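See below for the structure under consideration.
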Amino acid sequence: MKIAVLTGGGDCSGLNAAIRAVVRRAVSLRDDVYGIRHGWKGLLENDVIRLTVDGTSNILPLGGTILGSSRVNPFKVKNGLKRCLKNFKQRRFDALVFIGGEGTLNVAAALSKAGIPVFGIPKTIDNDAQGTDYTIGFDTAVQIATNAIDRLHTTAESHQRVMIIEVMGRHAGWIAAYAGIAGGADAVLIPEKVFPMKTLCSIIGKRARRGCNFSIVVVAEDAQIKLENGQILRTPLSRDEYGDVKLGGIGELLASEIRKRMDSEVRVTVLGHIQRGGTPTAFDRVLATRLGAHAVESLHRREFGRMAVIRGDKITSLPIKKMAGRVKKVDPAFYETVRLFLE
Ligand code: F6P
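Every letter in the sequence shown is one number past the one before it in numbering that gives the first Met the number 0, and letter 248, counting from 1, is 247.
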């Protein structure tokens, strides 16, 4: 088989581990593998490189993606889909493995409908892909956020401050919830549950009264906080050059509301893209390797238009049309567990 592989959307740790797995498994089955550079942009522009076992031999622990990534969406480019189909056919590819999140999946679904044999591997630090327990990159992002919380704890205590740590996750609070539990945060604010400002101040106040004159507040970038007048505090909606929602800034907004109500000294740390960079955890490497191998094996079984998923400890796959356009939110029962360990 002649297999093409691409990484699309925001990068994360573990992408190279997935690329390496696709190459190794494919070569072991006597396939040829080609990398499309910078996501759908490379398919539009016919920017393709040959991938070999030797050429990918030391990339397992590397962050980023050797193929590059972008948020370019062929739907938003003149004749975009047509150009993708033409280049795919001209290159005589038999199948395409896409490693991506929601945006990449929507384009892949259209290509699949147009007859291109595609197979997906879910990645995003947000962990919001429907149908899979975990996506590549999430575990590493949680580990990075947890390390940051641990470090903020010691300086928060030394200076008796309220430390706000703003984490990514788009419209889902998975990173905040997991890192909040792992780091022993005092409050965790996620998009799925509107958090009253009154409750936050009462948590900080109660801790101070029992001698803990510092608090750690984890806030997801799209968290919603209800002020006493009923107004909702949330990052104002704006969009980037690709039309995707651009978030960030809720930490500072929240800090200024706390300052208005309490004497506490408040500091904000925005973790930002640090959560997406650097070496993947062992969990992400193993997950990426298993999903990558499964993608190639599925193509050999002629299972097209599907995406690999992990459920429990099993790797299986789902039709991409079942996953496209749907976001996996933090389950209310899980958030209750988070809340049990706060304060
Ligand atoms: O989807 C991954 C993600 O890191 C989100 O958590 C975040 O909101 C967004 O991408 C940031 O995108 P960009 O890299 O375009 O700033």
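Positions of the beta carbon are idealized from the N, C-alpha and C atoms, including for glycine. Quick caveat: nothing in here was measured; it's all calculated off a predicted structure.
By the Cβ criterion, the stretch 261-276 is in contact with the stretch 167-177, since at least three pairs of Cβ atoms, one from each stretch, lie closer than 8 angstroms.
Between the beta-carbon of K327 and that of D127 there is about 5 angstroms, and that keeps the pair under the 8 angstroms contact cut. When secondary structure is reduced to three states using DSSP, F87 falls in the helix class.
Note on geometry: alpha-carbon atoms of G79 and L43 lie some 7 angstroms from one another. DSSP places G250 in the uninterrupted alpha helix (DSSP H) bounded by 249-260.
For the ligand F6P, no non-hydrogen atom lies closer than 6 angstroms to the CB of R160.
Relative to the ligand F6P, even the nearest heavy atom lies 6 angstroms or more away from the CB of G179.
Three or more Cβ pairs closer than 8 angstroms define a contact, and the stretch 5-19 meets that threshold against the stretch 60-72. Pairing I231 with A219, the inter-Cα distance amounts to about 15 angstroms. Relative to the ligand F6P, the beta carbon of D283 is positioned no closer than 6 angstroms to any heavy atom. The C-beta of H37 has 16 or more other C-beta atoms within 10 Å across all chains shown, which makes the residue buried. With 16 or more neighbouring CB atoms inside 10 Å of its own CB, V21 falls in the buried class. Secondary structure at K320: helix, using DSSP grouped into helix, strand and coil. At a cut-off of 6 angstroms, the beta-carbon of M167 counts as near the ligand F6P: some heavy atom of the ligand is closer than that. With contacts defined by Cβ atoms closer than 7 angstroms, L246 and T234 form a contacting pair. Note that the stretch 116-127 touches the stretch 313-332; at least 3 beta-carbon pairs, one per stretch, sit closer than 8 angstroms.
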